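Residue numbers (this note's numbering), protein chains in the order written: chain C, 1 to 206; chain D, 1001 to 1206.
Number of protein chains: 2
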Amino acid sequence: MKRDQSTEEKIKAAAKKVFMTKGFDGCSVRDIAKEVGSNVALLNYYFRSKEKLFELIFEGAMSDFLQSMIAVFSSELSLKEKVSQLIDKEFDFFMEHPELPMFILQSLHQNKTDAPMPSHFLEPIANTGIFEQFEQAKARGEIRDVSIRNVTMLLMSNVHYPFMSKKLTKQFHGISTEEFDEDLKKHKEIVKELITNYLFISNPKA
Amino acid sequence: MKRDQSTEEKIKAAAKKVFMTKGFDGCSVRDIAKEVGSNVALLNYYFRSKEKLFELIFEGAMSDFLQSMIAVFSSELSLKEKVSQLIDKEFDFFMEHPELPMFILQSLHQNKTDAPMPSHFLEPIANTGIFEQFEQAKARGEIRDVSIRNVTMLLMSNVHYPFMSKKLTKQFHGISTEEFDEDLKKHKEIVKELITNYLFISNPKA
DNA sequence: CCAAAATTTAAACAATTGTTTAATTTTTTC
DNA sequence: GAAAAAATTAAACAATTGTTTAAATTTTGG
């Protein structure tokens, strides 16, 4: 029956590469086939349509996107250490996959459907108990009286945006990729200090 | 010679609307023509090609994008007040044009050319003297020893990203547009406090 | 080794793409 | 008001789009 598992995987890898860099609208199925080194018909043989193939790639990307978050939240650390580690791990992760934030946000942005995020993405995060840990820390007066939604916005802004704005930032300051990467590293440290300083009250209950 | 200035403007307005929401690759010239309520050929009569029309729209968007920044920097305020006002004004501006950050970053991201930003965009900013004001404040010990590039990254991240991530954030938290807008307002205040607290040393020279 | 199944290919499909041509309508100019 | 210029249209163009068909090739199972 099955002859070569690797063909299906090769197509997925090529599709991921092409979709990530050019976006759904910015590429043709022939672009992907060329990347695979095969015929266009093969793509539809395995994945029915361009749209179906894209949905598969997007789901995988979204899963990766949320994975590093879950790993940190599942640990047995204090909230302060979790926040610090989250910033660290997410930065390291996006250093390896710098195109991911843009791909996710752009795909959602141009997605016609307002379909809600499937629960299999969100439940694992809720199941880490991070929300309860946050509310308890707030109740104990260890952190500021700020909503977790606002903390999330703060974290995502500072972790995702720099990777999305590489071209704008490089052109804006007229700097090289090396200089930009230096700025990225420094930014990570600034954000860690900034957010932990803001969020955590130095003398709890005092 | 000229009959109706408004036709050219109507096409530009339609192109702006369509390009902004769907992106260059996500729309056809016929989409724009339909938005205008006229023929496709009219677009090329006025603007030669889809690409030329897009470049025009993009340049205008980039100009708007940087304009609110220049207005604040040109004022006679202290650095601290400028930073605070910048966040305020940029937020208000993007409330009116929420699709602008995504359009700019996405267009740059998929732009094949690595052409540098034209100087007519950057010079007005440099001419405000903001860079000198920043370095002087640093020399006086009023602000932290952090590069202006890192401050820029901090500001842009927190000001642009929330408008780009609306769909992700709404789906992530399962909230309505009204709730999201409330979060946005709160985010603005948090960012103002966060960045000014971080950047400005409370007791200079001490 | 041979038939059946699975895989891969080339070719064609109708629809859509950006652009151009040429004709028509509207406006301007004198 | 008639000739000239400008604006607008319909139609066609070649190329590209996603998808399908049918034939060819390769692999599998007995």
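Positions of the beta carbon are idealized from the N, C-alpha and C atoms, including for glycine. Keep in mind the model is a prediction, meaning the values are calculated, not measured.
Taking a Cβ-Cβ cut-off of 7 Å, residue 1040 of chain D has no neighbours in chain C, whose nearest Cβ is about 19 Å from it. As the crow flies, the alpha-carbon of residue 1110 of chain D is around 43 Å from that of residue 1202 of chain D.
By the beta-carbon neighbour count (other beta carbons within 10 angstroms, threshold 16), residue 1045 of chain D is exposed. In the structure shown, the three-state DSSP call for residue 24 of chain C is coil. A direct Cα-to-Cα measurement between residue 1133 of chain D and residue 1157 of chain D gives close to 22 Å.
Comparing alpha-carbon positions, the option among C:141, C:8, C:66, C:102 lying closest to residue 41 of chain C turns out to be C:8. By the rule that beta-carbons nearer than 8 Å mark a contact, residue 1116 of chain D touches chain C.
Check the Cα spacing between residue 199 of chain C and each of C:74, C:35, C:27, C:84: the tightest is with C:84.
Distance between residue 1151 of chain D and residue 81 of chain C, taken at the CA atoms: about 25 Å. Secondary structure of residue 1130 of chain D (DSSP, three-state): helix. Cβ contact annotation for residue 18 of chain C (same chain, cutoff 7 Å, sequence separation greater than five): 27, 31, 32, 35, in chain order.
Counting C-beta pairs closer than 8 Å gives fewer than three between the region 1140-1154 of chain D and the region 1089-1099 of chain D, which falls short of the contact rule. Contact of residue 1158 of chain D with chain C is assigned, a C-beta pair being separated by under 8 Å. Annotated three-state conformation of residue 1201 of chain D is coil, per DSSP. Burial check for residue 1106 of chain D: the Cβ neighbour count within 10 Å reaches 16 or more, so the residue is buried. In this structure, residue 130 of chain C lies near residue 73 of chain C, with their beta-carbon atoms less than 8 Å apart.
Considered as a whole, the region 1067-1129 of chain D harbours 1079-1096, 1100-1110, 1119-1126 as its complete alpha helix (DSSP H) runs of no fewer than 4 residues, in chain order. At a cut-off of 8 Å, the C-beta of residue 183 of chain C has a neighbouring C-beta in chain D. With 16 or more neighbouring CB atoms inside 10 Å of its own CB, residue 99 of chain C falls in the buried class. Using a Cβ-Cβ cut-off of 8 Å, residue 1047 of chain D does not count as an interface residue toward chain C, since no Cβ of chain C sits closer than that to its own.
Beta-bridge pairing by DSSP links residue 143 of chain C to C:200. 8 Å or more divides the Cβ of residue 1020 of chain D from the Cβ of residue 1121 of chain D. At a cut-off of 8 Å, the C-beta of residue 1165 of chain D has a neighbouring C-beta in chain C. Annotated three-state conformation of residue 32 of chain C is helix, per DSSP.
Secondary structure of residue 1158 of chain D (DSSP, three-state): helix.
If the five residues before and after residue 1010 of chain D are omitted, its C-beta is found closer than 7 Å to the C-beta atoms of 1036, all from its own chain and listed in chain order.
Residue environment analysis places residue 118 of chain C among the exposed positions, since fewer than 16 neighbouring C-beta atoms fall within 10 angstroms of its C-beta. Under the Cβ distance rule, residue 1194 of chain D counts among the residues neighbouring chain C, one pair being separated by less than 8 Å.
The C-beta separation of residue 168 of chain C from residue 195 of chain C comes to about 23 Å, leaving the pair out of contact by the 8 Å criterion.
Using beta-carbon distances, residue 1169 of chain D counts as an interface residue toward chain C, with a partner under 8 Å. In this structure, residue 101 of chain C sits away from residue 1171 of chain D, with a CB-CB distance that is not shorter than 8 Å. Taking CB atoms only, residue 1143 of chain D has no neighbour in chain C less than 8 Å away.
Annotation: the continuous alpha helix (DSSP H) that includes residue 44 of chain C extends over 40-47.
Residue 1060 of chain D is classed as exposed because its beta carbon has fewer than 16 other beta carbons within 10 Å across all chains shown.
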